[in-house]
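Encoded as structure tokens, the structure appears first; notes follow it.
Protein chains: 2
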Amino acid sequence: MLARELKKGSAELLILSLLEDQPRHGYDIGNLIEQRSKGRLKFNVASLYPLLYRLERRGWIQGRWVEKAGQRRRRYYRLTAEGRKVLAAQRHSWREFVEAINRITGIEHA
Amino acid sequence: MLARELKKGSAELLILSLLEDQPRHGYDIGNLIEQRSKGRLKFNVASLYPLLYRLERRGWIQGRWVEKAGQRRRRYYRLTAEGRKVLAAQRHSWREFVEAINRITGIEHA
DNA sequence: CAATAATATATCGCTATGCCATATAAGCTT
DNA sequence: AAGCTTATATGGCATAGCGATATATTATTG
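Sequence lines, in order, name chains A and B.
Position in the first sequence counted from 1, then plus 290, gives you our numbering.
Position in the second sequence counted from 1, then plus 290, gives you our numbering.
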């Protein structure tokens with residue numbers, strides 16, 4: 291796992307990004323983060339689920355329970371219009387952040 | 291200021307980087323971070339000073355008081371050999387972190 | 001068919017980072 | 001003398017993420 295503290299504050303951006311194209315449930319989101327980062331990034335459920343509730347409370351995502359035969363119930367979240375705006379802003383913020391750190395630490399962007 | 295939480299865990303890398311080429315004192319470090327990030331990144335002294343003490347306690351940096359006529363006393367920190375190793379590791383870790391986030395959020399590295 | 005693993009959600013108590021506010025002290029400017 | 005800048009110091013707070021534990025359903029495997 292990557293530097294423990296570095297990832298703080300990145301979970302929101304990750305979740306919003308993953309919900310951009312399709313609704314997903316929490317467990318799926320957790321796995322996708324792990325897989326797509328090749329195991330380098332991972333969030334504990336005790337972070338993920340409460341964060342999803344927070345995002346929903348803020349109106350950035352909207353969840354609904356889906357029950358299918360032969361499956362545990364799942365709560366699927368979709369991005370709201372407001373969430374889409376926040377995602378755009380956070381993407382921008384992320385880019386600026388990386389640029390700032392790179393400039394100070396002397397890391398050239400490849 | 292950039293997303294409040296995003297910057298958590300980045301201060302160590304910034305400080306170690308700024309001490310790479312020359313010893314600096316805390317106040318200087320704080321200003322450099324602000325200037326070089328064009329005001330986008332800023333750390334409060336209540337974060338910076340305790341962090342410097344922590345880094346020194348870990349043996350990554352070494353401080354010494356410098357008193358000059360016509361100047362407030364300053365504590366200059368230099369990077370230790372151990373600190374240099376940690377800096378290299380943290381730079382690597384940072385790069386991987388950025389790569390991971392970019393891959394998941396669909397941000398291409400420019 | 002019983003044990004185990006994987007899927008899926010939920011939450012308590014803890015740790016760590018950074019901040020606001022406040023403090024001290026010295027030098028510079030007006 | 002007052003106020004600004006430089007420079008370090010710290011108590012109490014807010015917040016994100018984690019370890020551990022819990023519940024419940026479905027799948028696998030010996």
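Quick reminder that beta carbons are idealized off the backbone N, C-alpha and C, glycines included.
These figures come from a predicted structure and were not determined experimentally.
Looking at the strands, I want to know which residues DSSP matches up with residue i.
i: Gln-352 of chain A; result: A:Arg-368
i: Arg-374 of chain A; result: Answer is none; Arg-374 of chain A lacks a bridge partner.
i: His-315 of chain A; result: A:Tyr-366
Measuring only the C-alpha atoms, how far is residue i from residue j?
i: Gln-325 of chain B; j: Asp-318 of chain B; result: 10 Å
i: Glu-357 of chain A; j: Leu-338 of chain A; result: 21 Å
i: Arg-372 of chain A; j: Gln-352 of chain A; result: One detail in the question is off: residue 372 of chain A reads as Glu in this sequence, not Arg. Straight-line Cα distance between these residues: approximately 11 Å.
i: Arg-349 of chain A; j: Ala-378 of chain A; result: For the sequence presented, residue 349 of chain A should be read as Gly rather than Arg. When rounded, the distance between both Cα atoms is 15 Å.
i: Leu-341 of chain B; j: Val-335 of chain B; result: 9 Å
i: Gln-361 of chain B; j: Arg-314 of chain B; result: 15 Å
i: Leu-322 of chain A; j: Arg-364 of chain B; result: 48 Å
i: Ala-359 of chain A; j: Lys-298 of chain B; result: 43 Å
i: Thr-370 of chain B; j: Phe-333 of chain B; result: 23 Å
i: Leu-303 of chain A; j: Gln-380 of chain A; result: 6 Å
i: Arg-347 of chain B; j: Glu-398 of chain B; result: 39 Å
i: Leu-296 of chain A; j: Leu-296 of chain B; result: 8 Å
i: Gly-320 of chain A; j: Ile-394 of chain B; result: 12 Å
Can you tell which of the options has the C-alpha that lies nearest to the C-alpha of residue i?
i: Asn-392 of chain A; options: B:Ser-307, B:Gly-299, B:Glu-295 and B:Ala-293; result: B:Ser-307
i: Arg-344 of chain B; options: B:Leu-296, B:Ala-301 and B:Ala-293; result: B:Ala-301
i: Ile-305 of chain A; options: A:Lys-297, A:Gly-316 and A:Glu-295; result: A:Gly-316
i: Phe-387 of chain B; options: A:Leu-322, A:Arg-330 and A:Leu-342; result: A:Arg-330
i: Glu-389 of chain A; options: B:Lys-375, B:Gln-380 and B:Ser-327; result: B:Ser-327
i: Arg-294 of chain A; options: B:Arg-363, B:Gly-396, B:Glu-398 and B:Trp-384; result: B:Trp-384
i: Tyr-367 of chain B; options: B:Glu-310, B:Lys-297, B:Leu-296 and B:Lys-298; result: B:Glu-310
i: Gly-396 of chain B; options: A:Glu-346, A:Glu-398, A:His-382 and A:Ile-394; result: A:His-382
For residue i, does the count of other Cβ atoms within 10 angstroms reach 16, so buried, or fall short, so exposed?
i: Gln-312 of chain B; result: exposed
i: Lys-375 of chain B; result: exposed
i: Trp-355 of chain A; result: exposed
Review point. If contact means a Cβ-Cβ distance below 9 Å, which residues of the region 343 to 367 of chain A contact chain B?
Key: none
Check your understanding: Taking a cut of 9 Å between CB atoms, which residues from the region 382 to 394 of chain A lie near chain B?
Key -> Ser-383, Trp-384, Arg-385, Glu-386, Phe-387, Val-388, Glu-389, Ala-390, Ile-391, Asn-392, Arg-393 and Ile-394
Exercise for review: Using a Cβ-Cβ cut-off of less than 7 Å, list which residues of the region 322 to 343 of chain B approach chain A; keep chain order.
Suggested key: Ile-323, Arg-326, Ser-327, Arg-330 and Leu-331
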